[in-house]
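Here is the structure we will look at.
There are 2 protein chains.
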Amino acid sequence: MSSRKPATIREIARAAGVSTSTVSRAFSRPEMLSAATVETVRRVADELAYVPNRSARALSTGLQGAIAIIVSDIANPFFAPLVRGIERQCDNEDVLVLLGDTDETVAKETTLLAKLARQADGVILAGPRSSDEEITALSEQIPLVLVNRELAGVPRVLIDTATGMREAVAHLSGLGHRRLAYAPGPAESWSNAQRQAAVTSAASECGIEVIVLDNERPTHEAGIALVPTILESRATAVIAFDDVLGQGILAGLGTGAVAVPDQISVIGCDDTVAARAFPAMTAIAADIELAGEQAAATLLAVVRGGDESPDPVVLPTHLVVRDSTGPVGASGN
Amino acid sequence: MSSRKPATIREIARAAGVSTSTVSRAFSRPEMLSAATVETVRRVADELAYVPNRSARALSTGLQGAIAIIVSDIANPFFAPLVRGIERQCDNEDVLVLLGDTDETVAKETTLLAKLARQADGVILAGPRSSDEEITALSEQIPLVLVNRELAGVPRVLIDTATGMREAVAHLSGLGHRRLAYAPGPAESWSNAQRQAAVTSAASECGIEVIVLDNERPTHEAGIALVPTILESRATAVIAFDDVLGQGILAGLGTGAVAVPDQISVIGCDDTVAARAFPAMTAIAADIELAGEQAAATLLAVVRGGDESPDPVVLPTHLVVRDSTGPVGASGN
DNA sequence: TTGTACGCGTTATCAA
DNA sequence: TTGATAACGCGTACAA
Numbered sequence: 001m002s003s004r005k006p007a008t009i010r011e012i013a014r015a016a017g018v019s020t021s022t023v024s025r026a027f028s029r030p031e032m033l034s035a036a037t038v039e040t041v042r043r044v045a046d047e048l049a050y051v052p053n054r055s056a057r058a059l060s061t062g063l064q065g066a067i068a069i070i071v072s073d074i075a076n077p078f079f080a081p082l083v084r085g086i087e088r089q090c091d092n093e094d095v096l097v098l099l100g101d102t103d104e105t106v107a108k109e110t111t112l113l114a115k116l117a118r119q120a121d122g123v124i125l126a127g128p129r130s131s132d133e134e135i136t137a138l139s140e141q142i143p144l145v146l147v148n149r150e151l152a153g154v155p156r157v158l159i160d161t162a163t164g165m166r167e168a169v170a171h172l173s174g175l176g177h178r179r180l181a182y183a184p185g186p187a188e189s190w191s192n193a194q195r196q197a198a199v200t201s202a203a204s205e206c207g208i209e210v211i212v213l214d215n216e217r218p219t220h221e222a223g224i225a226l227v228p229t230i231l232e233s234r235a236t237a238v239i240a241f242d243d244v245l246g247q248g249i250l251a252g253l254g255t256g257a258v259a260v261p262d263q264i265s266v267i268g269c270d271d272t273v274a275a276r277a278f279p280a281m282t283a284i285a286a287d288i289e290l291a292g293e294q295a296a297a298t299l300l301a302v303v304r305g306g307d308e309s310p311d312p313v314v315l316p317t318h319l320v321v322r323d324s325t326g327p328v329g330a331s332g333n
Numbered sequence: 001m002s003s004r005k006p007a008t009i010r011e012i013a014r015a016a017g018v019s020t021s022t023v024s025r026a027f028s029r030p031e032m033l034s035a036a037t038v039e040t041v042r043r044v045a046d047e048l049a050y051v052p053n054r055s056a057r058a059l060s061t062g063l064q065g066a067i068a069i070i071v072s073d074i075a076n077p078f079f080a081p082l083v084r085g086i087e088r089q090c091d092n093e094d095v096l097v098l099l100g101d102t103d104e105t106v107a108k109e110t111t112l113l114a115k116l117a118r119q120a121d122g123v124i125l126a127g128p129r130s131s132d133e134e135i136t137a138l139s140e141q142i143p144l145v146l147v148n149r150e151l152a153g154v155p156r157v158l159i160d161t162a163t164g165m166r167e168a169v170a171h172l173s174g175l176g177h178r179r180l181a182y183a184p185g186p187a188e189s190w191s192n193a194q195r196q197a198a199v200t201s202a203a204s205e206c207g208i209e210v211i212v213l214d215n216e217r218p219t220h221e222a223g224i225a226l227v228p229t230i231l232e233s234r235a236t237a238v239i240a241f242d243d244v245l246g247q248g249i250l251a252g253l254g255t256g257a258v259a260v261p262d263q264i265s266v267i268g269c270d271d272t273v274a275a276r277a278f279p280a281m282t283a284i285a286a287d288i289e290l291a292g293e294q295a296a297a298t299l300l301a302v303v304r305g306g307d308e309s310p311d312p313v314v315l316p317t318h319l320v321v322r323d324s325t326g327p328v329g330a331s332g333n
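Here is the structure:
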């Protein structure tokens, strides 16, 4: 049937022969109490399976003991490790995680933000689609940390895929490639802007020509659909905005019996599914789970009254060479 | 800087010239009030940007307006669509979603359960590792819905992969296969028990011999590692516990230059990554997102005082034939 | 170091 | 239909 009522601070106090404040302190400010008292109270609390009621605590302190993470699509393999990292960090600090999925729409992002902002002490916004103005306004109402979005004055965790992209271009250059296609992601995406700019500038430094393909959504299907254009472009290598798109391109090439890497090389980004692609895809790897941990750590620091605008955290990336890249011209391109 | 303090029920009451109870009712029980009063209060509330404080409401009513979803590993592609479905349903009903990741350990599952049970009105437990006894005990303390676990008396949503497995065996039988390997998942997994039993019985009905391989974890790496044993077994087809394991097997076969499906056929389960595998993998498909929605709907119904033990929801599956299965013997096995 | 007493914002009970 | 008031469980001045 229904549940027994959980023990309250008063019952513990009576059972332990102390006052309610002592019980409270045993949990929230143990350093104010003698070690012996803390020990006693904790033992009794354990026996009675006492767990502090967060609603009551929240009402009293104004802090929820929870943060919210808002992602554009939990099914995107980039977000799984990110959420995992956030989860782990929060679990360590005994903070709850509220999850929101915007389904890639700005409207839902706004609604969710409004709803969650009241329930959480802070929000991690990953891959936001809202405008700079909206985000800035929001950041004045609730502690906010951005992931992969650059916005002065708002704490953020950035994954420096640009450096990895340069490494990727150098790798291709060393293999003799001189004609490179870039398959972009969403136009509003900060990550895409970074990646595309890095590819373009690195390529021009190496004397490599870049064709920027026409694409928006970073999906498997979009990757498959890009293949004809890629072949037309006569590029000998493709760098994709992310692994999902890259894997789609690999799939499309496979269907068309285009040999990878003999006829064309392919590089992905994020290293989420690259290792499982066929052929195993060369990709720019980042520690996404760490990014999640850092985002959570940053947010919790702000929430707990630390630095209002900490320096951005920038995480390094590096190229992992696998089987989808090789010397140009094995097949006469 | 920080945010202005939000308006409270008392300020609205004063501004609207009514009592706090009236303001409260205007939001939670408008039918008790005259239309005019409701209108007045709501207007004033709007002007003052009043939003009810959920912590206070929770403290008073004992209801949190949130449910928790506990998964064993958010990075497993099975859980992403599940969480998505839950999220969607909860969002529709204005309920918040708390996320917990047990990292596949029973200990963390227990801790998390204890922690979240207090903060949520109910819990969805997906792929639990705890014992029947523990789960039963818990279900007496808080509304609980299981996903893919059979336990009498506890509301549950089950994906009937057994039927799909029989379909898969029939498919292989029709292709002439007579020697089949099954690559299992976790021994404690209800899903694995279902799948393995279905494969075994369906195969024996078709006169197909089944070799059950030795495996526990459904990971890509485990799939790769299974390949030598699979080849030794001289099976002409493999059915994997899930897509991830199946994709690993495909990868291992590819590395060993074993042709799929000419030399060996491979079938996955869940259809999470099957379509993106190479070759595109035949798999048993289920609507996991729907499972999530149903789980959330079931839980919310129970929470809201409906049926204490609703009938289990059982979702159908079907085989999706792709490129990883073909007639036996193209290469003399 | 510990206890007393009040307030956090809301809903429920009871009375008007 | 509306209002006054007592909980809900906890944290924290303030007092001891």
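Going down the list, the sequences are from chains A and B.
Just so we're aligned: 110 in this note's numbering is position 110 of the first sequence, and the numbers increase by one with no gaps anywhere.
Just so we're aligned: 37 in this note's numbering is position 37 of the second sequence, and the numbers increase by one with no gaps anywhere.
Note that beta-carbon positions come from the ideal geometry of N, C-alpha and C, so glycine has one too.
Computed from a prediction, not measured in an experiment: that's the story for all the values here.
Exercise for the section: If I'm right that THR236/B touches ILE264/B with Cβ under 8 angstroms, what's the distance once you round it to whole angstroms? Expected result: 6 angstroms
Practice task
Going by DSSP, name the residue or residues bridged to THR282/B.
Solution key: ILE267/B
Practice task
Can you pull the chain B residues whose beta carbon is under 7 angstroms from the beta carbon of GLY292/A, in chain order?
Solution key: Within 7 angstroms Cβ-Cβ: nothing; GLY292/A doesn't reach chain B, min ~10 angstroms.
Exercise for the section: Could you pull the start and end residues of the alpha helix (DSSP H) that ARG88/B belongs to? Expected result: 79-92
Problem - Min CB distance ILE74/A to chain B below 8 angstroms - result: yes
Handout entry: Beta-carbon contacts of GLY65/B that lie in its chain and below 8 angstroms, excluding the five residues immediately before and after
Key = ARG54, ARG57, ALA58, ASP94, VAL95, LEU96, ASP121
Exercise for the section: Would you mind giving the Cβ-Cβ distance between VAL123/A and THR136/A, rounded to the nearest angstrom? I have them listed as a contact below 8 angstroms. Expected result: Not confirmed; about 14 angstroms, so no contact.
Practice task
Write down every uninterrupted run of the beta strand (DSSP E) in the stretch 136-193 of chain B whose length is 3 residues or greater and which is fully enclosed by it, in chain order.
Solution key: 144-147, 156-159, 179-183
Practice task
Name the residue from VAL302/B, ARG304/B, ALA285/B, ALA295/B whose alpha carbon lies nearest to the alpha carbon of VAL321/B.
Solution key: ALA285/B
Practice task
Put VAL71/B into one of helix, strand or coil per three-state DSSP.
Solution key: strand
Problem - Partner residues on chain A for GLU87/B, Cβ-Cβ distance less than 8 angstroms - result: ILE74, LEU99, GLY100, ASP101
Handout entry: Assigned secondary structure, ASP132/B (DSSP; H/G/I helix, E/B strand, else coil)
Key = helix
Practice task
Tell me whether MET165/B is buried or exposed, calling it buried when 16 or more other Cβ atoms sit within 10 Å of its Cβ.
Solution key: buried
Exercise for the section: With 7 angstroms as the limit, tell me which residues of the stretch 222-243 of chain B have their beta carbon closer than that to any beta carbon of chain A; keep them in chain order. Expected result: none
Exercise for the section: Determine the DSSP secondary structure at LEU33/A, reduced to helix, strand or coil. Expected result: coil
Problem - Boundaries (first-last residue) of the beta strand (DSSP E) holding THR317/A - result: 317-320
Handout entry: Beta-carbon proximity check, VAL273/B vs PRO77/B, cutoff 8 angstroms
Key = yes
Practice task
Going by CA-CA distance only, name the one from GLY246/B, THR8/B, LEU253/B, ALA203/B that's closest to TYR50/B.
Solution key: THR8/B
Handout entry: Where ILE288/B sits in the DSSP three-state scheme
Key = helix
Practice task
If I'm right that ASP160/B touches THR317/B with Cβ under 8 angstroms, what's the distance once you round it to whole angstroms?
Solution key: 6 angstroms
Exercise for the section: Would you verify that the beta carbon of ALA80/A is, or is not, closer than 8 angstroms to some beta carbon of chain B? Expected result: yes
Practice task
May I ask which residues mark the beginning and end of the alpha helix (DSSP H) holding VAL106/B?
Solution key: 106-119
Problem - Cβ of HIS220/B within 8 angstroms of any chain A Cβ - result: yes
Handout entry: Helix, strand or coil at VAL41/B according to DSSP, with G and I counted as helix
Key = helix
Handout entry: Where GLU341/B falls, given that 16 or more other Cβ within 10 Å makes a residue buried
Key = Nothing can be reported for residue 341/B: it is not among the residues displayed for chain B, which extend from 1 to 333.
Problem - Proximal residues, the stretch 184-200 of chain A versus chain B, C-beta separation under 9 angstroms - result: none
Problem - Contact with chain A by LEU59/B, beta-carbon distance below 8 angstroms - result: yes
Problem - 8 angstroms Cβ cutoff, PHE278/B in contact with chain A - result: yes
Handout entry: Neighbour-count burial assignment, VAL361/B, 16 or more Cβ in a 10 Å radius
Key = Shown here, chain B extends from 1 to 333; a query on residue 361/B therefore has no answer.
Exercise for the section: Please classify THR325/A: is it buried, with 16 or more other beta-carbons within 10 angstroms of its beta-carbon, or exposed? Expected result: buried
Problem - Cβ of SER324/B within 8 angstroms of any chain A Cβ - result: no
Exercise for the section: For the alpha helix (DSSP H) containing ILE230/A, list its first residue and its last residue. Expected result: 220-233
Problem - Reduced DSSP category for ALA334/A - H, G, I as helix; E, B as strand; rest coil - result: With chain A running from 1 to 333 in the structure shown, residue 334/A is simply not present.
Problem - Same chain, Cβ closer than 6 angstroms to ILE74/A, five either side skipped, listed in chain order - result: ASP101
Handout entry: Under the three-state DSSP convention, the category LEU98/A falls into
Key = strand
Handout entry: Where ILE9/B sits in the DSSP three-state scheme
Key = helix
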